[in-house]
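Each residue of the sequence shown is one higher than the one before, starting from 13 at the first, in this note's numbering.
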Amino acid sequence: MISRWPQELVEKAKKPAEVALAEVLAKQFEPQITKAVFAYLEGQAGVPLQTLIDALMSGDAGKVLQAISAAGAITPTAPIKTGLQDALWAAGVATVSNLAPPGTTPPVVRAEFHFDRVNPTLVGWLQSYELDLIKQVDSGTRESIRDILVEQMLKGDGPQKAASRIKEVIGLTKRQANAVGAYRKELETFHLKRSADGWKLGSKVDMVNGHPVFRIGPDGDPMDGVMERRLRDFRYDRQLIRAMETRKPLKPEQIDKMVAAYARKYRMYRARNIARTESLRATNVGVQEAYRQAIAKGVIAEDVVRRFWIVGKDERTCAVCAPIPKMNEGGVKFAQPFATPAGPVMMGPIHPQCRCSIFIRWVVPSFKKAA
Numbered sequence: 013m014i015s016r017w018p019q020e021l022v023e024k025a026k027k028p029a030e031v032a033l034a035e036v037l038a039k040q041f042e043p044q045i046t047k048a049v050f051a052y053l054e055g056q057a058g059v060p061l062q063t064l065i066d067a068l069m070s071g072d073a074g075k076v077l078q079a080i081s082a083a084g085a086i087t088p089t090a091p092i093k094t095g096l097q098d099a100l101w102a103a104g105v106a107t108v109s110n111l112a113p114p115g116t117t118p119p120v121v122r123a124e125f126h127f128d129r130v131n132p133t134l135v136g137w138l139q140s141y142e143l144d145l146i147k148q149v150d151s152g153t154r155e156s157i158r159d160i161l162v163e164q165m166l167k168g169d170g171p172q173k174a175a176s177r178i179k180e181v182i183g184l185t186k187r188q189a190n191a192v193g194a195y196r197k198e199l200e201t202f203h204l205k206r207s208a209d210g211w212k213l214g215s216k217v218d219m220v221n222g223h224p225v226f227r228i229g230p231d232g233d234p235m236d237g238v239m240e241r242r243l244r245d246f247r248y249d250r251q252l253i254r255a256m257e258t259r260k261p262l263k264p265e266q267i268d269k270m271v272a273a274y275a276r277k278y279r280m281y282r283a284r285n286i287a288r289t290e291s292l293r294a295t296n297v298g299v300q301e302a303y304r305q306a307i308a309k310g311v312i313a314e315d316v317v318r319r320f321w322i323v324g325k326d327e328r329t330c331a332v333c334a335p336i337p338k339m340n341e342g343g344v345k346f347a348q349p350f351a352t353p354a355g356p357v358m359m360g361p362i363h364p365q366c367r368c369s370i371f372i373r374w375v376v377p378s379f380k381k382a383a
């Protein structure tokens with residue numbers, strides 16, 4: 013079938029030439045994909061504690077992972093695929109709606125963006141991509157849980173404590189799981205602190221457009237969230253202040269609630285991190301596919317199309333992405349990969365939290381006048 017998309021969304025996508033269409037549309041679909049990924053992570057974390065204890069008592073570590081996978085399977089992954097499909101679809105339609113040669117006004121060029129059964133290329137891409145994305149999400153969880161299993165075995169902790177520790181970090185990467193474990197240890201001795209510099213107890217985390225602002229590390233995780241616990245639930249700050257003032261330790265149930273809230277906010281952070289990257293990837297594919305179809309149908313000539321790498325220019329631009337535009341001055345041909353410090357890449361994003369996108373435009377050939 014031929015897809016249709018609300019005209020108001022296409023209108024929102026219109027922007028200055030230096031900002032990529034994929035980036036604008038990705039922001040529209042990021043909340044939808046974030047919600048779907050977070051629901052999946054929370055579904056995994058919903059495994060009953062007793063189920064984990066029984067799996068640990070069996071002595072088979074594989075049963076622990078099976079129990080978590082079974083809990084996650086209850087939460088359908090279809091909403092993730094739907095979000096990616098919607099982002100891809102919208103980008104393709106918006107591209108076609110604005111497709112016109114230099115110096116003309118759309119819709120001079122008429123092209124159709126095919127999807128679903130009519131377009132096996134996109135259907136195949138979405139199916140394989142959804143599976144790869146879920147595997148990627150699950151692999152981070154498996155790695156963090158294996159580390160905890162080894163740690164608990166070395167300590168000689170019983171299954172109850174090991175199961176509780178595992179349940180806290182389900183849905184998180186190894187580094188994020190370590191941050192949660194470190195947070196618990198800090199809370200257990202928080203009453204011994206003379207001060208909590210950097211925590212900004214009693215204040216609120218910096219927000220921009222409704223989202224927390226963090227300094228981002230090279231792996232995409234929030235540096236401030238780890239070092240200064242800015243992903244904690246600020247509603248518990250009074251209890252933390254009281255513990256320092258009275259020199260009395262926090263109760264185990266207080267710590268459990270604080271750690272659970274911290275882990276949940278980390279899962280939301282991870283979901284938003286994934287959604288930000290993958291929504292941009294999907295819209296980049298949609299834009300690229302629209303041009304591919306137009307070229308295949310002879311609507312436009314491939315040799316007059318150039319692709320340009322667009323980076324988010326601010327203090328968070330990383331060393332990998334920053335030099336790419338200069339490395340590809342004048343753009344690259346439609347089927348040509350970009351030169352990057354990480355090697356040839358067809359399109360962004362190329363790492364977690366990458367905000368790069370691809371801008372495609374027609375390049376008018378220049379002809380020298382005969383002497």
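The beta-carbon is built from N, C-alpha and C at its ideal position, and this holds for glycine as well. Quick caveat: nothing in here was measured; it's all calculated off a predicted structure.
Check: Return helix, strand or coil for residue 186, following the three-state DSSP convention.; Outcome: helix
Check: Note down the Cα distance separating residue 210 from residue 154, rounded to an integer number of angstroms.; Outcome: 32 Å
Check: Among residues of its own chain, excluding the 5 on either side of residue 359, which ones have a beta-carbon nearer than 7 Å to its beta-carbon?; Outcome: 296, 300, 370
Check: To the nearest whole angstrom, what separates the beta carbons of residue 83 and residue 59, a pair I think is in contact under 8 Å?; Outcome: 4 Å
Check: Three-state secondary structure (DSSP) at residue 299?; Outcome: helix
Check: With distances taken between CB atoms, is the gap from residue 208 to residue 245 smaller than 9 Å?; Outcome: no
Check: With distances taken between CB atoms, is the gap from residue 363 to residue 344 smaller than 9 Å?; Outcome: no
Check: Measure the Cβ-Cβ separation of residue 192 and residue 52 and say whether it is below 9 Å.; Outcome: no
Check: Considering only residues of the same chain and omitting the five flanking positions on each side of residue 275, which have a CB-CB separation below 6 Å?; Outcome: 180, 192
Check: Where do the ends of the alpha helix (DSSP H) carrying residue 101 lie?; Outcome: 90–109
Check: For the alpha helix (DSSP H) containing residue 65, list its first residue and its last residue.; Outcome: 61–69
Check: Might you give, ordered along the chain, the residues of its own chain that have their beta carbon closer than 6 Å to the beta carbon of residue 238, omitting 5 neighbours on each side?; Outcome: Residue placement at residue 238 is poorly supported in this model, since its pLDDT is 46, which falls under 50; the coordinates still yield a value, given next. 191, listed in sequence order.
Check: Can you tell me whether residue 270 is buried or exposed, with buried defined as 16 or more other CB within 10 angstroms of its CB?; Outcome: buried
Check: Quick one: grab the DSSP three-state call for residue 435.; Outcome: Residue coverage of the chain in this structure runs from 13 to 383, which leaves residue 435 outside it and unanswerable.
Check: Starting from residue 317 and walking both ways along the beta strand (DSSP E), at which residues does that stretch end?; Outcome: 317–322
Check: Between which two residues does the beta strand (DSSP E) containing residue 371 stretch?; Outcome: 369–374
Check: Taking Cβ to Cβ, would you say residue 39 is nearer than 9 Å to residue 291?; Outcome: yes
Check: Which value, in whole angstroms, describes the spacing of the CA atoms of residue 198 and residue 342?; Outcome: 52 Å
Check: In whole angstroms, what separates the C-alpha of residue 46 from that of residue 367?; Outcome: 16 Å
Check: Measuring only the C-alpha atoms, how far is residue 349 from residue 183?; Outcome: 34 Å
Check: To which residues of the same chain is residue 146 closer than 8 Å at the C-beta, ignoring the five residues directly before and after it?; Outcome: 52, 89, 92
Check: Which first and last residues belong to the alpha helix (DSSP H) in which residue 46 is found?; Outcome: 33–57
Check: Check the DSSP bridge columns for residue 344 and list the partner residues they point to.; Outcome: 319
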